[in-house]
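Q: Have a look at this one before I ask anything.
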Amino acid sequence: MTKEIVKKLHPQEKKILLALKKIDSGNAKKISKSSHLSEDSIHKAAHWAELKGLVKHKKTVEKRIMLTEEGKKYLKEGLPEKKLVEKVYEKPLPLSDIKIPNMNIALAWAKKMGWVSFHEGKIEATPEGKKALKEQTPIEKLMKTGSGTEHELKDLEKRNLAKIKEIKTITYKLTGKGEDIVPYISKTGEELGQLTVQDIKSGKWKKKKLRAYDVSTPVPTIYPAKLHPYTKFLNNMKKKLITLGFQEMKGPFVELAFWNFDALFMPQDHPARGIHDIYELKNPTTGTISNKRVMKRVEMTHKNGWITGSKGWGNWDQKNATGLVLRSQTTAVSARTLASGIKPPEKFFTISRNFRPDVIDAKHLIEFNHCEGIVIAERLTFRHLLGYLEKFASMVGIERVRFKPGYFPFTEPSVEMFGNHPKLGWIELGGAGMFRPEVTRPLGVDYPVLAWGLGIDRLAMISLGLDDIRKLFSSDLDFLRESKML
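Each residue of the sequence shown is one higher than the one before, counting from 869 in this note's numbering.
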């Protein structure tokens, strides 16, 4: 077995093993002197040998102080704060009478160290300052010796007197297995790992041994082109919804307040309107509501309930409805679709972006995707809605879901859906409900409508095993390379 391993070793691996046997352990520079290999070749060959269990390595990080030009000057001439103390050592002096280089720096640090104080408009040395003149300060010691505490190192770097450089060293050493095969290496001669035309023509190959190929040696990892994992997730989600009989609907990012709020029976002067913070456009600020028939119905519904059985909100201003906003909810797309004159039964979905002011953290972004859907048919009930929601969760691998009553101005009854994340626990996935008559009747729909808006970003977090929503948009190459292709 040992001889078989030796046969498959690269000549550079053999040289490293022999060198380590001689020097016991060492870094690439030390091994290079004994093996006559370049340091790059040593690192590469040592990695091969380590994969075979013949070599082990240890990484060490050493912090070294590299003095800046200012630091070198202070080391030679002395710290400016000490020069200031020397000036006022005998007696206090007015600031205007003290002439030393870097006066501002000297005064700031001397005051911070408690070496000087102000008294009656003059600067005087404190007992601590007088004592410091007779001793070597930690900063001075650090600049001379290069050794000190972490806090002192940071102070030195903060003052731009030095740069802290990390020197990483890799030390290699033979393993027990490596020790065992070294005697066999010493008995082998130079072997050919690749035949050239010159070797064959000259007959040199007859006098040399051919190195056996090790087919188990790891090969370079290939990173083929592939879709971003989140893009792939969204595409798969769309395909699954289409297989369930849904059609895709689309709408603009820049939306009229009419479709974003008013058509959804969200009052213009009620706190319910504040359920979504919004981004308003600066230029242009307003647009035009082209569907005058629907606009008139929505106006009457807001003012007096129209034929919906509601009392409405009592007022409605067309000017407020023409304001332009960045769409805060994809329910606006559902409203536009319902107003287009569709005939039931129908099922629609959209996966698109919304925009809301928020504090960015592991669960929240100001720009996010929603999976919005509606189902229009006769005799639909709330139980049908819960069944759809559970189906969507299972489609992305979420096994545990739960529901609780919710409130949305445009649905009744309403429900909130939560899914269990292995690390973050229960997280809200979205809201759903049955559109109120105040929404459907003005849009020309006289059938029950199931509606939901799910946070597709959070669904993706659970499906992809992520614990931070920001990773969905990551450009980190390691993360992207290691993501699954299928």
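Quick reminder that beta carbons are idealized off the backbone N, C-alpha and C, glycines included.
Since the structure is predicted, the reported quantities are computational estimates derived from the model, not experimental observations.
At what residues does the beta strand (DSSP E) containing Ile1234 begin and finish?
A: Along the sequence shown, read from residue 1 onward, the residue named residue 1234 stands at position 366. Neither: Ile1234 is in no beta strand (DSSP E) and is coded neither H nor E.
Q: Hey, Leu963 and Lys990: beta-carbon distance below 9 angstroms or not?
A: Within the sequence shown, residue 963 is the residue found at index 95, counting from 1. Within the sequence shown, residue 990 is the residue found at index 122, counting from 1. Cβ distance < 9 angstroms, so Leu963 and Lys990 count as in contact.
Q: Would you check if the segment 1185-1192 and the segment 1120-1132 touch, i.e. whether three or more CB-CB distances between them fall below 8 angstroms?
A: These segments touch.
Q: List the DSSP bridge partners of Trp1320.
A: Walking along the sequence shown from the start, residue 1320 turns up at place 452. DSSP lists Gly1241, Ala1300 as partners of Trp1320.
Q: Excluding the five sequence neighbours on either side, which residues of its own chain have a C-beta within less than 6 angstroms of the C-beta of Met1163, listed in chain order?
A: By 1-based counting over the sequence shown, the position of residue 1163 is 295. These residues qualify, in order along the chain: Ile1157.
Q: Using 8 angstroms as the Cβ pair cut-off and three pairs as the minimum, do the segment 1318-1327 and the segment 1292-1300 touch?
A: The segment 1318-1327 is in contact with the segment 1292-1300.
Q: Between Cys1239 and the rest of its own chain, which residues show a CB-CB distance below 6 angstroms, the 5 nearest in sequence each way excluded?
A: Working through the sequence shown from its first residue, we reach residue 1239 at position 371. Excluding positions up to five away in sequence, the list reads Ile1219, Leu1322, Ile1324.
Q: Is the beta carbon of Phe1133 sitting closer than 9 angstroms to the one on Glu1306?
A: Indexing the sequence shown from 1 puts residue 1133 at position 265. Indexing the sequence shown from 1 puts residue 1306 at position 438. It is a contact, given that the beta carbons lie within the stated cut-off.
Q: Work out the CA separation of Leu935 and Lys920 for me, nearest whole Å.
A: Here residue 920 refers to the residue found at position 52 of the sequence shown. Here residue 935 refers to the residue found at position 67 of the sequence shown. Distance between the alpha carbons of Lys920 and Leu935 is about 43 angstroms.
Q: To the nearest angstrom, report how far apart Ile1053 and Ser1070 are at their CA atoms.
A: The count along the sequence shown starts at 1 and reaches residue 1053 at position 185. The count along the sequence shown starts at 1 and reaches residue 1070 at position 202. If you take the alpha carbons of Ile1053 and Ser1070, they lie about 27 angstroms apart.
Q: Is it the case that the Cβ atoms of Lys931 and Gln880 are separated by a distance below 9 angstroms?
A: Locating residue 931 in the sequence shown gives position 63, counting from the first residue. Locating residue 880 in the sequence shown gives position 12, counting from the first residue. No, these two residues do not count as a Cβ contact at 9 angstroms.
Q: Tell me where the alpha helix (DSSP H) around Pro995 begins and ends.
A: Mapped onto the sequence shown, residue 995 falls at position 127. Pro995 -> alpha helix (DSSP H) spans 995-1001.
Q: Considering only DSSP beta bridges, list what Gly894 is partnered with.
A: As a working mapping, residue 894 is identified with position 26 in the sequence shown. Gly894 is bridged to Tyr1040.
Q: Can you say whether Met1282 is buried or exposed, counting buried as having 16 or more other CB atoms within 10 angstroms of its CB?
A: Position 414 of the sequence shown holds residue 1282. According to the sequence shown, residue 1282 is Ser rather than Met. Ser1282 comes out buried.
Q: From Glu1291 to Asp1335, what does the alpha carbon distance come to, in whole angstroms?
A: As a first step, residue 1291 is located in the sequence shown; it is residue number 423 there, counting from the start. As a first step, residue 1335 is located in the sequence shown; it is residue number 467 there, counting from the start. The residue asked about is misnamed: residue 1291 is Lys in this sequence, not Glu. Approximately 7 angstroms between the Cα atoms of the pair.
Q: Assess contact between the segment 1002-1009 and the segment 1017-1025, defined as three or more Cβ pairs (one per stretch) separated by less than 8 angstroms. Is contact present?
A: In short, these stretches touch, since the Cβ pair count reaches three.
Q: Does Glu993 pass the burial test, meaning 16 or more other C-beta atoms within 10 Å, or should it be called exposed?
A: On the sequence shown, position 125 is the one that residue 993 refers to. Residue 993 is actually Ala in this sequence, not Glu. Buried is the call here.
Q: Thinking just about the alpha-carbon of each residue, which of Glu937, Asp965, Ala978 is nearest to the one in Val953?
A: Stepping through the sequence shown from its first residue, residue 953 is reached at position 85. Ranking Glu937, Asp965, Ala978 by Cα distance to Val953 puts Ala978 first.
Q: Who are the near neighbours of Arg1204 in its chain, counting only those whose CB is closer than 7 angstroms to its CB and skipping five residues on each side?
A: For the purposes of this step, residue 1204 is taken as residue 336 along the sequence shown, with counting starting at 1. Cβ within range, chain order: Gly1119, Trp1127.
Q: Whole angstroms is fine: what's the gap from Leu1109's alpha carbon to Glu1214's?
A: In the sequence shown, the residue the question calls residue 1109 occupies position 241. In the sequence shown, the residue the question calls residue 1214 occupies position 346. Taking the straight line joining both Cα atoms gives about 13 angstroms.
Q: With distances taken between CB atoms, is the gap from Gly1312 to Gly1173 smaller than 9 angstroms?
A: Translated into positions along the sequence shown, residue 1312 becomes position 444. Translated into positions along the sequence shown, residue 1173 becomes position 305. Cβ atoms of Gly1312 and Gly1173: not closer than 9 angstroms.
Q: For the alpha helix (DSSP H) that Thr1013 lies in, which residues bound it at each end?
A: The residue you call residue 1013 lines up with position 145 of the sequence shown. It spans 1006-1013 - the alpha helix (DSSP H) in which Thr1013 sits, taken as one unbroken run.
Q: Could you have a look at Ala1093 and say whether DSSP puts it in helix, strand or coil?
A: Position 225 of the sequence shown, counted from the start, is the residue given in the question as residue 1093. Reduced to three states, the DSSP call for Ala1093 is coil.
Q: Determine the contact status of Ile873 and Ile1049, defining contact as a CB-CB distance below 9 angstroms.
A: Within the sequence shown, residue 873 is the residue found at index 5, counting from 1. Within the sequence shown, residue 1049 is the residue found at index 181, counting from 1. Result yes, Cβ atoms of Ile873 and Ile1049 sit closer than 9 angstroms.
Q: Run the CB neighbour count on Val1087, radius 10 Å, all protein chains shown included, and call it buried at 16 or more, exposed below.
A: Translated into the one-based positions of the sequence shown, residue 1087 becomes position 219. Exposed.
Q: Would His1170 be called buried (16 or more neighbouring beta carbons within 10 Å of its own) or exposed?
A: Here residue 1170 is taken as the residue at index 302 of the sequence shown, counted from 1. Label assigned to His1170: buried.
Q: In this structure, does DSSP put His915 in helix, strand or coil?
A: By one-based count along the sequence shown, residue 915 stands at place 47. Note: His915 maps to helix in three-state DSSP.
Q: Can you give me the Cβ contacts of Leu1095 inside the same chain, cut-off strictly under 8 angstroms, excluding the 5 residues immediately before and after it?
A: Here residue 1095 corresponds to residue number 227 of the sequence shown, with the count starting at 1. Cβ within range, chain order: Asn1103.
Q: Between the alpha carbons of Phe851 and Tyr1098, how many angstroms are there, rounded?
A: Lying outside 869 to 1354, the shown extent of the chain, residue 851 is not represented and no answer is given.
Q: Helix, strand or coil, according to DSSP, for Gly1312 in the structure here?
A: Position 444 of the sequence shown, counted from the start, is the residue given in the question as residue 1312. Note: Gly1312 maps to coil in three-state DSSP.
Q: Tell me which same chain residues have a C-beta within less than 7 angstroms of the C-beta of Ile1032, skipping the five on either side of it?
A: Along the sequence shown, read from residue 1 onward, the residue named residue 1032 stands at position 164. The residues are Lys931, Ile933, Leu1021, Glu1025.
Q: Please say whether Ile1175 and Arg1309 have beta carbons closer to each other than 9 angstroms?
A: Taking the sequence shown and counting its residues from 1, one reaches residue 1309 at position 441. Taking the sequence shown and counting its residues from 1, one reaches residue 1175 at position 307. In contact: Arg1309 and Ile1175 (Cβ atoms closer than 9 angstroms).
Q: Rounded to the nearest angstrom, what separates Ala974 and Leu943 at their Cα positions?
A: Taking the first residue of the sequence shown as position 1, residue 974 is located at position 106. Taking the first residue of the sequence shown as position 1, residue 943 is located at position 75. Distance between the alpha carbons of Ala974 and Leu943: 15 angstroms.
Q: Going by C-alpha to C-alpha distance, which of Val1243, Asp1346, Glu1235 sits closest to Ser1202?
A: In the sequence shown, counting from the first residue as 1, residue 1202 sits at position 334. Ranking Val1243, Asp1346, Glu1235 by Cα distance to Ser1202 puts Val1243 first.
Q: Going by beta-carbon coordinates alone, are Arg1195 and Phe1286 separated by less than 9 angstroms?
A: Locating residue 1195 in the sequence shown gives position 327, counting from the first residue. Locating residue 1286 in the sequence shown gives position 418, counting from the first residue. No, the Cβ-Cβ distance between Arg1195 and Phe1286 is not below 9 angstroms.
Q: From Leu886, Phe1216, Met1011, pick the residue whose C-alpha is nearest to that of Leu1042; which is it?
A: Start at 1 with the first residue of the sequence shown, and residue 1042 comes out as number 174. Answer by Cα proximity: Leu886.
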